[in-house]
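Asks: One structure follows; several queries about it will come next.
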Amino acid sequence: MRINSRSLPLTSVILISLLVFSFASQGQTIYSLPAAVTSAKSSSPILKAASYNINMAEGSLITARLHTNPVLNNQTLQMTSSKYFSKGTEFSNPLNRQVWWQLTKPFVLPAQRRNRIDIAQQNIGLNQQGYSENIRNFSSDVANQWLNAWVLKSRLEILNEAYSNIDSLVKINKSRLKNQVITQTDLIRTQLLQDQYQLQRINAEKDFRNELQRLRYLIGVTDSINVDINGVSEFIAIPDQMDTLIAQAIRERPDVRAARLAVLLAETNIKYQKSLVLPQPELGMIWNPQNTIPYLGFFGTVRVPLFDRNQGEIERSRFQRMQADEGVRNAQVRIETEVRAAYQTYQTEKENLRKYGLMLTQADLVLDNVRYAYLKGGTTIIDFLDAQRSWFDTQQLYLNARLSYFQSYIQVLYVTGIINQL
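Shown next as structure tokens:
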């Protein structure tokens, strides 16, 4: 049987919605902001996929450490005309055949092998720092997504409180209307505000569920989740000195470490390219039975660096080193700019939050006073509704200020690299 929601009283619709929301909340994993970031680091498929870059770099190191394989060469020459066969022999007789067996091995010079291994090892470090940078970016994404869900849940609580306040007033006004204390218009005005809050609650619940879905994807879990309304605070202390923050960011941030490693890698590559000027010899032995007469020989070949002495790659590696040096300098300037901007924003938002907190206290006091005066007949419904809207707007402004403050806090953790400590 289909139930027409229009035929149900508004309070029944609200009750059903709350019951559904309550049942959906059972069995949920509730995450604070640090817990969400920590869980995402360990279970997110996004980071798991990125971590394989380190394994692939380790595979390249294994390859760099391997020695070259020997080369086995065989050449067989067979007489095809019987008139040249040795007397009394047939086609398959060894007297009518010459065989050449050659076993050689290319020898990588020690400097070349050492530099090749060093490059592979430094590439592992570069990929490790790249993974740490992925964690830094990803942690910021998870933290901000958690805040998106948290602010909607907080807004929903404000709406629930506002709805509860106005709902109790609607019940009182219905009784007062029966006693002809107020007019029908006063009751309708109160009910209109009640309906507005209810519609906003429905939209807030929808948006909150959507943000939870996005957060669940980032965390990498399949079960139902929720956010702890009190699960956000300054969980990592931020140093008071700007210079301390900048120095820590330059020292700790993975992208700066990666830039420094890129310089070392470029230096090693210069050495490697210079070592390739010397040719790799290929040496070996020859076993050559000719018509059953055994011959033993030695084989050696080497490229003569007469024209190509790897000049192009050496020059290229020098410019790569210069590029890497510029990368370090640019990273340091960029980080200093980011830290200064983030810290100044954080301080501003912190002060704004303090001021909005004072306004919130005043708004609570005004609403209580006007509500009391209205119920005692000392003021009009218009004054009460105006105080209610002012209280609600102040609650929203305070919540937005909290969101901006925590976003600025996360940004400071992000630009300094401290967020990776979670």
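When we follow the numbering used here, the leftmost residue of the sequence shown carries the number 1, and every step to the right adds one. All C-beta atoms in this analysis are idealised placements derived from N, C-alpha and C, irrespective of residue type, glycine included.
L193 to I166, Cα distance in whole Å?
Replies: Taking the sequence shown and counting its residues from 1, the one referred to as residue 193 is at position 193. Taking the sequence shown and counting its residues from 1, the one referred to as residue 166 is at position 166. Between L193 and I166, the C-alpha separation is close to 8 Å.
Asks: Excluding five sequence neighbours on each side, which residues of the same chain lie with their C-beta closer than 7 Å to the C-beta of Q320?
Replies: Position 320 of the sequence shown holds residue 320. Around Q320: A266, N269.
Asks: Q273 and I314: beta carbons closer than 7 Å?
Replies: Taking the first residue of the sequence shown as 1, we reach residue 273 at position 273. Taking the first residue of the sequence shown as 1, we reach residue 314 at position 314. It is a contact, given that the beta carbons lie within the stated cut-off.
Asks: Applying the criterion that 16 or more other CB atoms from any shown protein chain within 10 Å of the CB defines a buried residue, is F208 buried or exposed?
Replies: Position 208 of the sequence shown, counted from the start, is the residue given in the question as residue 208. Burial call: buried.
Asks: Taking only three categories from DSSP, how would you classify N160?
Replies: The count along the sequence shown starts at 1 and reaches residue 160 at position 160. If DSSP states are grouped into helix, strand and coil, N160 belongs with the helices.
Asks: Just checking, does the region 156-171 make contact with the region 80-89 on the three C-beta pairs under 8 Å criterion?
Replies: Cβ pair count under 8 Å is below three, so no.
Asks: Enumerated in chain order, which unbroken segments of the beta strand (DSSP E) with a length of 3 residues or greater are wholly contained in the region 188-259?
Replies: 225-227
Asks: Could you check where the beta strand (DSSP E) with Q483 kicks off and where it finishes?
Replies: Within the shown structure, residues of the chain are numbered from 1 to 422, placing residue 483 beyond reach of any answer.
Asks: Roughly how many angstroms lie between the CA atoms of N330 and F298, to the nearest whole one?
Replies: Position 330 of the sequence shown holds residue 330. Position 298 of the sequence shown holds residue 298. Going from the Cα of N330 to the Cα of F298 covers about 56 Å.
Asks: Closest to P305 by CA distance: which of T345, P281, G125, K48 is it?
Replies: By 1-based counting over the sequence shown, the position of residue 305 is 305. Checking every option, the nearest Cα to that of P305 belongs to P281.
Asks: What did DSSP end up calling I335 once you bin it into helix, strand or coil?
Replies: Numbered from 1 along the sequence shown, position 335 holds the residue referred to as residue 335. Helix, per DSSP.
Asks: Just verifying my parser: in three-state terms, what is the DSSP assignment at V99?
Replies: Mapped onto the sequence shown, residue 99 falls at position 99. Looking at V99 - three-state DSSP - the assignment turns out to be strand.
Asks: What does DSSP give as the partner residue(s) for E282 in the beta ladder?
Replies: Counting from 1 along the sequence shown, the entry for residue 282 is found at position 282. DSSP output for E282 lists P106, T301 as bridge partner(s).
Asks: Please classify V71: is it buried, with 16 or more other beta-carbons within 10 angstroms of its beta-carbon, or exposed?
Replies: By 1-based counting over the sequence shown, the position of residue 71 is 71. With fewer than 16 other Cβ atoms within 10 Å, it is exposed.
Asks: I'd like to check one pair, A57 with L123: are the Cβ atoms closer than 7 Å?
Replies: What you label residue 123 is simply residue 123 of the sequence shown in a count that begins at 1. What you label residue 57 is simply residue 57 of the sequence shown in a count that begins at 1. It should be noted that the sequence gives Asn, not Leu, for residue 123. Judged by beta-carbon spacing, A57 lies within the 7 Å limit of N123, meaning their Cβ atoms are closer than that value.
Asks: Determine the extent of the beta strand (DSSP E) in which Y481 is found, giving its start and end residues.
Replies: Absent from the model: residue 481. The displayed extent of the chain is 1 to 422, so no value can be given.
Asks: Keeping to the same chain, check which residues put their C-beta closer than 8 Å to that of I418; ignore five residues upstream and five downstream.
Replies: Here residue 418 refers to the residue found at position 418 when the sequence shown is read from its first residue. So the qualifying residues of the chain are I236, I238, Q248, E252, V412.
Asks: For T337, which of L109, D223, A363, M242 has the nearest alpha-carbon?
Replies: On the sequence shown, position 337 is the one that residue 337 refers to. It is M242 whose Cα lies nearest to the Cα of T337.
Asks: Can you list, in chain order, the residues of its chain with a C-beta nearer than 6 Å to that of L218? Leave out the 5 residues immediately preceding and following it.
Replies: By one-based count along the sequence shown, residue 218 stands at place 218. Cβ within range, chain order: A40, V142, Q145.
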